[in-house]
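Trainee:
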Amino acid sequence: MKFTTPLLALLIAAAGAGPGRAEVDVAAASTDGVRHFNAEDIPTYVINEDGAVDWPTFSGFRRYHAECHVCHGPDGEGSTYAPALKNSAIKMDYYDFVGIVASGKQEVSSASNQVMPAFATNPNVMCYLDDIYTYLRARGTEAIPRGRPAKRMDKSDEYAAAEKACMEGS
Ligand code: HEC
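Numbering (mature numbering (1 follows the signal peptide of the UniProt record, and there is no 0)) for the sequence shown: -22 to -1, 1 to 148.
(1) Could you give the residue range of the alpha helix (DSSP H) that holds residue 145?
(2) Considering only the beta carbon of each residue, do residue 134 and residue 2 sit closer than 8 Å?
(3) Please name the residue or residues paired with residue 94 in a DSSP beta bridge.
(4) Could you check the C-alpha separation between residue 37 and residue 54 for me, to the nearest Å?
(5) In whole angstroms, give me the CA-to-CA distance for residue 4 and residue 17.
(6) Kindly examine ligand 1 and report whether one of its heavy atoms sits closer than 7 Å to the Cβ of residue 83.
(7) Using only the heavy atoms of ligand 1, determine whether one of them is closer than 7 Å to the beta carbon of residue 2.
(8) Could you pull the start and end residues of the alpha helix (DSSP H) that residue 110 belongs to?
(9) Helix, strand or coil, according to DSSP, for residue -2 in the structure here?
(10) Residue 144: beta carbon under 7 Å from a heavy atom of ligand 1?
(11) Report the start-end ranges of each alpha helix (DSSP H) in the segment 26 to 75 that is 4 residues or longer and not cut off at the edges.
(12) Can you tell which of 31, 10, 146, 71 has the C-alpha that lies nearest to the C-alpha of residue 117?
(13) Indicate, with yes or no, if ligand 1 has a heavy atom lying under 7 Å from the CB of residue 15.
(14) Please tell me whether residue 110 and residue 72 are closer than 8 Å, where the distance is taken between their beta carbons.
Spelled out as structure tokens, the structure:
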């Protein structure tokens, strides 16, 4: 433990360095075998000592680029049309984030007619929403760079079972 203390202090200092980052709790406190959660039971990412992201975060990268990036831009960076979700995943409450994806959102303004579609009936989004969320949190905290994560951990049996059950609607 003697050796880990200075490293931990360094990591905490680095995490607190960016604006608004100190209050974002991305530390994994528990797991259900499918994914990891912080102390508040909000889904979070894990990156191991080899720099590999956990499977759900990698899945989130793929699903984001299949379903969201056409409007929100690559890597959660935003576009002229839709906001940068890497920031939304940090600033917004998790439940608000999930609610907007399920129900959609339309800016009520005469100057714009931007529409965020409702995805509640789309299993390709809803079964992977926590994956997309953790991927965007990893981008928002800059725990991972832009682009496809170079290394990933394997898909767990628990993840495969949960994915199958969700996609089959059971
Ligand atoms: C057809 C284009 C389109 C697609 C596809 C799309 N969005 Fe959106 N999204 C928008 C627009 C436009 C807004 C801004 C709406 C507003 O502010 O009224 C938005 C807003 C949001 C917000 C609120 C962000 C904030 O900071 O207020 C979230 C969260 C969100 N989208 C998540 C997603 C996710 C996750 C996906 C993929 C599963 C997705 N969106 C796919 C267009 C899209």
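Ideal placement from N, C-alpha and C gives every residue a C-beta, glycine not left out.
Mentor: On the basis of the coordinates in this document:
(1) Boundaries of the alpha helix (DSSP H) harbouring residue 145: 135 to 145, taken from the DSSP string.
(2) No, Cβ-Cβ distance for residue 134 and residue 2 is not below 8 Å.
(3) Answer is 83, bridged to residue 94.
(4) One C-alpha to the other measures close to 14 Å.
(5) Rounded to the nearest whole angstrom, the CA to CA distance from residue 4 to residue 17 is 9 Å.
(6) Answer for residue 83: yes, Cβ within range of ligand 1.
(7) Distances between the C-beta of residue 2 and the heavy atoms of ligand 1 are all 7 Å or more.
(8) Going by DSSP, residue 110 is part of the alpha helix (DSSP H) stretching over 107 to 118.
(9) Low per-residue confidence applies at residue -2: pLDDT is 48, beneath 50, and the placement is therefore not dependable enough to give any value.
(10) Taking non-hydrogen atoms of ligand 1 into account, the C-beta of residue 144 is found less than 7 Å away from none of them.
(11) Complete alpha helix (DSSP H) runs here, min 4: 33 to 45, 47 to 50, 63 to 69.
(12) The shortest Cα separation from residue 117 among 31, 10, 146, 71 belongs to 31.
(13) No - ligand 1 has no heavy atom lying nearer than 7 Å to the Cβ of residue 15.
(14) In terms of Cβ geometry, residue 110 and residue 72 do not form a close pair [threshold 8 Å].
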